[in-house]
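S.K.: First to last, the protein sequences are chains W and Z.
If you use numbering that gives the first Met the number 0, the first sequence closes out at 283, no skipped numbers anywhere.
If you use numbering that gives the first Met the number 0, the second sequence closes out at 283, no skipped numbers anywhere.
Protein chains: 2
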Amino acid sequence: MRIHHECIACAINQCQKIVEMGLFEEYSRRDAMLFSLRRASELFSKDSIPAVAGGLLFLDLYKAIGNDDPFQKYKRLSNEIARELVGHFRDSDLGTALKLAIAGNVVDFSVGYDPQKLEDDIKQVVSESLAIDHSNELFDRLKCAKTLLYLVDNCGEIYFDRLFIEKLRENFPNLRIIVAGKEEPIINDATVDDLVEAGFGEVAEVVSTGSRLPGAPLDHVSETFLEIFRSADVIIAKGQANFETLSETGDPRIFFLLKAKCPPIAREIGVPIGSLLCFNPLLR
Amino acid sequence: MRIHHECIACAINQCQKIVEMGLFEEYSRRDAMLFSLRRASELFSKDSIPAVAGGLLFLDLYKAIGNDDPFQKYKRLSNEIARELVGHFRDSDLGTALKLAIAGNVVDFSVGYDPQKLEDDIKQVVSESLAIDHSNELFDRLKCAKTLLYLVDNCGEIYFDRLFIEKLRENFPNLRIIVAGKEEPIINDATVDDLVEAGFGEVAEVVSTGSRLPGAPLDHVSETFLEIFRSADVIIAKGQANFETLSETGDPRIFFLLKAKCPPIAREIGVPIGSLLCFNPLLR
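1) According to the neighbour-count rule (16 or more other Cβ atoms, all chains shown, within 10 Å of its Cβ), is residue 173(Z) buried or exposed?
2) Using a Cβ cut-off of 7 Å, pull out every chain Z residue sitting near residue 162(W), in sequence order please.
3) Against residue 30(Z), what residues of chain W qualify as contacts under a CB-to-CB distance less than 9 Å, listed in chain order?
4) To the nearest angstrom, how far is it from the Cα of residue 262(Z) to the Cα of residue 239(Z)?
5) Taking a Cβ distance cut-off of 7 Å, strictly less, list which residues of the region 10–27 of chain W are near chain Z, in chain order.
6) With a threshold of 7 Å between beta carbons, is residue 64(W) in contact with chain Z?
7) I want to see whether chain W comes within less than 7 Å of residue 36(Z), judged by CB atoms only; does it?
8) Cutting at 6 Å between CB atoms, please list the residues of its own chain near residue 166(Z), excluding the five before and the five after it.
9) If we define contact as Cβ-Cβ less than 7 Å, is residue 207(W) a contact residue for chain Z?
10) Going by the beta-carbon positions, is the gap between residue 168(Z) and residue 185(Z) smaller than 7 Å?
11) Measuring only the C-alpha atoms, how far is residue 259(Z) from residue 269(Z)?
12) Got a sec? Which residues, its chain only, sit under 8 Å from residue 18(W) by beta carbon, not counting five neighbours each side?
13) In the DSSP assignment, find the unbroken beta strand (DSSP E) run with residue 277(W) in it and report its ends.
14) Is it the case that the Cβ atoms of residue 66(Z) and residue 21(Z) are separated by a distance below 7 Å?
15) Under 7 Å between C-beta atoms, does residue 121(Z) make it to chain B?
16) Using beta-carbon positions only, say whether residue 177(W) and residue 253(W) come within less than 7 Å of one another.
17) Just to make sure I have the definition right: I need the residues of chain Z whose C-beta is within less than 8 Å of the C-beta of residue 137(W). Which are they?
18) Count the other CB atoms, across all protein chains shown, that sit within 10 Å of the CB of residue 15(W); report buried if there are 16 or more and exposed otherwise.
19) Do you know whose CA, among 276(W), 197(W), 123(W) and 126(W), lies nearest residue 75(W)'s CA?
20) Got a sec? Which residues, its chain only, sit under 7 Å from residue 183(W) by beta carbon, not counting five neighbours each side?
21) For residue 141(W) and residue 257(W), I'd like the C-alpha separation in whole angstroms.
22) What are the residues of the region 178–203 of chain Z that lie near chain W, defined by any Cβ-Cβ distance shorter than 9 Å?
23) Relative to the alpha-carbon of residue 118(Z), which residue among 80(Z), 251(Z) and 0(Z) has its alpha-carbon at the smallest distance?
24) Along chain Z, in chain order, which residues have C-beta atoms closer than 9 Å to that of residue 7(W)?
25) Check this for me: beta carbons of residue 241(W) and residue 187(W), under 7 Å apart or not?
26) Candidates 54(W), 127(W), 49(W) and 10(W): which alpha carbon is nearest residue 275(W)'s?
27) At 8 Å on the CB atoms, spell out the chain W contacts of residue 39(Z), in chain order.
28) List the residues that DSSP assigns as beta-bridge partners of residue 237(W).
29) How far does the beta strand (DSSP E) with residue 208(Z) in it reach, from first residue to last?
30) Compute the beta-carbon to beta-carbon distance between residue 203(Z) and residue 164(Z), rounded to the nearest angstrom, for a pair I have assumed lies under 8 Å.
31) So what's residue 1(Z) in DSSP terms, helix, strand or just coil?
32) Would you mind giving the Cβ-Cβ distance between residue 48(W) and residue 89(W), rounded to the nearest angstrom? I have them listed as a contact below 8 Å.
33) Since residue 149(Z) and residue 235(Z) should fall inside the 8 Å C-beta cutoff, what is the C-beta to C-beta distance between them, to a whole number of angstroms?
34) Report the three-state DSSP secondary structure of residue 86(W) (helix, strand or coil).
35) Taking its Cβ as the centre, do 16 or more other Cβ atoms sit within 10 Å of residue 251(Z), making it buried, or is it exposed?
36) Kindly list the residues whose CB is nearer than 8 Å to the CB of residue 217(Z), restricted to its own chain and excluding five residues on each side of it in sequence; keep chain order.
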């Protein structure tokens, strides 16, 4: 997916968030925002993939502000709260676990205001129906598949991905499941280290995309990851950045699991904003 | 006032608003946002005055999208609703009329969802106390002043400025009152034409700043306006852009009337965000 008009302001707004998390003096925040503006104007063109141009921008900004992981606290908090919450959903069936994995992509765990409220929010998401639902096709494919590659998105959310993967293992005991995280921190994305800490090693093989960029931009990932990607029978791609970086591949193996949170994604897919989706573009 | 770190994203977000009001095809909106990004990176530096750099950016964007007044409908609606509403406040005294002029700067008339709700919002603002209140000093100065220059801000709001000016005339019958609007449209600022249409000609002399930029940037206004500015005994400057462009003059004649709507303005003045203000910096 290439940028839509809203992606520009969104990237700059995210830079402001990074700057506010990573710097504390007003003059250095101001200089960092001026840097972001100049760098964004160099990085964004009409052919940009938002997650790639944005990712490159954020990494340059990390360097400029001398902070390699400004989301660290935010991610730790998200992980703690999601780890706690997911325990309440252990008895879910496979279909519900899939929806819970999408719900994990929706809820902002870091707010942590009230665990009961978060639990209610998740139940609310699970009670909604999917705007596009190819989950039956996904499960049919997994019956015959040898290898599933599962591309995670954010911290917090990964605890719900883990639950879904446990249910996948129960239902498809012979399936080899490989879970890919980012090589190093970028915004609130889950890294390989986050996956290991969340115990993914016990339920799947954990690999790195070999890149620090959000999503799985195939011209930026490692050769090792590319081989894993090429040899998988089915690919589950969570969240917006994985959609942005893989939507143009036309790859029939990919099922996207996400909520269309922003107008560009909703417009690109052709669904109302806020739609919950489990879809394979080639099955539409 | 020079830019704070939030001014960058705010300017880009305003560009998005302009683009969405002025263009309807996604590809042209995208191109216009890319243009905005490049132009902003050229225009903004640490010494920029937000209203000036922003104003120049918006005017260039107007040219790029071939729309000289994208806020036209928005402004017309604001004016219609405010004209209707101000009638309910005719019996106010001078102090209340001053607060109403600030309230006019707070309320977004264009929403127009429910006139009763808007009226309640205005009454709510008027019931609040000012965080800094130099209105007594302002009225004292006006007793001895020959000429008041009144710098307006936005459409809609101007109907409440007009009411305040009527009350000023009642209380200071010998005061010469000159009201300045913008030369031509820029965002939702009131132009000379808006002032004439709102009947300011009946209660004051109407002049142009000679510039299309928001606020009253003294290095961009006309020589005629500059003479009027220099010869005024007291100046009332409404809204954030007038504050941004005049705060560094150290001019003891200026009283700023505004709500500190955004973090940079609140931080610059040293008041909580949302504060209602009638202040002369030299009296603090």
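Where is the CB? At the ideal position from N, CA and C, for every residue including glycine.
Keep in mind that this is a model prediction, so the values were computed, not measured.
M.R.: To lay it out plainly:
1) For the purposes of this step, residue 173(Z) is taken as residue 174 along the second sequence, with counting starting at 1. Burial call: exposed.
2) Working through the first sequence from its first residue, we reach residue 162(W) at position 163. Identification of chain Z residues near residue 162(W) by a Cβ-Cβ cut-off of 7 Å yields none; the smallest Cβ-Cβ distance measures about 36 Å.
3) By one-based count along the second sequence, residue 30(Z) stands at place 31. 4 and 45, listed in chain order.
4) The count along the second sequence starts at 1 and reaches residue 262(Z) at position 263. The count along the second sequence starts at 1 and reaches residue 239(Z) at position 240. Approximately 12 Å, taken between the alpha carbons.
5) 11, 12, 15, 18 and 25
6) The residue labelled residue 64(W) in the question sits at position 65 within the first sequence. Residue-level contact check: residue 64(W) does not touch chain Z, since none of the beta carbons of chain Z fall below 7 Å from its beta carbon.
7) The count along the second sequence starts at 1 and reaches residue 36(Z) at position 37. Residue 36(Z) counts as touching chain W.
8) In the second sequence, the residue the question calls residue 166(Z) occupies position 167. These residues qualify, in order along the chain: 93 and 96.
9) Start at 1 with the first residue of the first sequence, and residue 207(W) comes out as number 208. For residue 207(W), the answer is no, since every Cβ of chain Z falls outside 7 Å of its Cβ.
10) Your numbering for residue 168(Z) matches position 169 in the second sequence. Your numbering for residue 185(Z) matches position 186 in the second sequence. Their beta carbons are not under 7 Å apart, which means residue 168(Z) does not touch residue 185(Z) by this criterion.
11) Along the second sequence, read from residue 1 onward, the residue named residue 259(Z) stands at position 260. Along the second sequence, read from residue 1 onward, the residue named residue 269(Z) stands at position 270. Whole-angstrom Cα-Cα distance: 10 Å.
12) Locating residue 18(W) in the first sequence gives position 19, counting from the first residue. Within the same chain, residue 18(W) has close Cβ partners 28, 31, 32, 35, 60 and 64.
13) The residue labelled residue 277(W) in the question sits at position 278 within the first sequence. Where residue 277(W) is concerned, the enclosing beta strand (DSSP E) stretches over 275–278.
14) For the purposes of this step, residue 66(Z) is identified with residue 67 of the second sequence, where counting begins at 1. For the purposes of this step, residue 21(Z) is identified with residue 22 of the second sequence, where counting begins at 1. In contact: residue 66(Z) and residue 21(Z) (Cβ atoms closer than 7 Å).
15) Looking at the structure shown, chain B is missing, and the protein chains on hand are W and Z.
16) To locate residue 177(W), count along the first sequence from 1; it is residue 178. To locate residue 253(W), count along the first sequence from 1; it is residue 254. Their beta carbons are not under 7 Å apart, which means residue 177(W) does not touch residue 253(W) by this criterion.
17) Counting from one through the first sequence, the residue named residue 137(W) turns up at place 138. In chain order: nothing, as chain Z lies at least about 30 Å away.
18) As a first step, residue 15(W) must be located in the first sequence, where it is residue number 16. Its Cβ being crowded by 16 or more others within 10 Å, residue 15(W) is buried.
19) Taking the first sequence and counting its residues from 1, one reaches residue 75(W) at position 76. The shortest C-alpha to C-alpha distance from residue 75(W) to any of 276(W), 197(W), 123(W) and 126(W) is the one to 197(W).
20) As a first step, residue 183(W) must be located in the first sequence, where it is residue number 184. Excluding positions up to five away in sequence, the list reads 190 and 211.
21) Here residue 141(W) corresponds to residue number 142 of the first sequence, with the count starting at 1. Here residue 257(W) corresponds to residue number 258 of the first sequence, with the count starting at 1. Whole-angstrom Cα-Cα distance: 19 Å.
22) none
23) Locating residue 118(Z) in the second sequence gives position 119, counting from the first residue. Ranking 80(Z), 251(Z) and 0(Z) by Cα distance to residue 118(Z) puts 80(Z) first.
24) The residue labelled residue 7(W) in the question sits at position 8 within the first sequence. In chain order: 11, 14, 15, 29, 32, 33, 35 and 36.
25) Position 242 of the first sequence, counted from the start, is the residue given in the question as residue 241(W). Position 188 of the first sequence, counted from the start, is the residue given in the question as residue 187(W). Cβ atoms of residue 241(W) and residue 187(W): not closer than 7 Å.
26) Counting from 1 along the first sequence, the entry for residue 275(W) is found at position 276. Measuring from the Cα of residue 275(W), the nearest candidate turns out to be 127(W).
27) As a first step, residue 39(Z) must be located in the second sequence, where it is residue number 40. The contacting residues are 36 and 40.
28) Start at 1 with the first residue of the first sequence, and residue 237(W) comes out as number 238. For residue 237(W), which the question treats as bridged, DSSP gives the partners 256(W).
29) Residue numbering aside, residue 208(Z) sits at position 209 when the second sequence is read from its first letter. That residue, residue 208(Z), is in no beta strand (DSSP E); it is neither H nor E in DSSP.
30) Taking the second sequence and counting its residues from 1, the one referred to as residue 203(Z) is at position 204. Taking the second sequence and counting its residues from 1, the one referred to as residue 164(Z) is at position 165. Between residue 164(Z) and residue 203(Z) the Cβ distance is about 6 Å, and since that is below 8 Å, they are a contact.
31) Working through the second sequence from its first residue, we reach residue 1(Z) at position 2. If DSSP states are grouped into helix, strand and coil, residue 1(Z) belongs with coil.
32) Counted from its first residue, the first sequence places residue 48(W) at position 49. Counted from its first residue, the first sequence places residue 89(W) at position 90. That belief does not hold up - the Cβ atoms of residue 48(W) and residue 89(W) are roughly 37 Å apart, past 8 Å.
33) Translated into positions along the second sequence, residue 149(Z) becomes position 150. Translated into positions along the second sequence, residue 235(Z) becomes position 236. About 5 Å separates the two Cβ atoms, so the contact holds.
34) Sequence index remark: in the first sequence, residue 86(W) carries index 87 (1-based). Helix.
35) On the second sequence, residue 251(Z) is found 252 positions in, with the first residue counted as 1. It is exposed - the Cβ of residue 251(Z) has fewer than 16 other Cβ atoms within 10 Å.
36) As a working mapping, residue 217(Z) is identified with position 218 in the second sequence. Closer than 8 Å at the Cβ level, and outside the excluded window around residue 217(Z), lie 225, 228, 244, 245 and 248.
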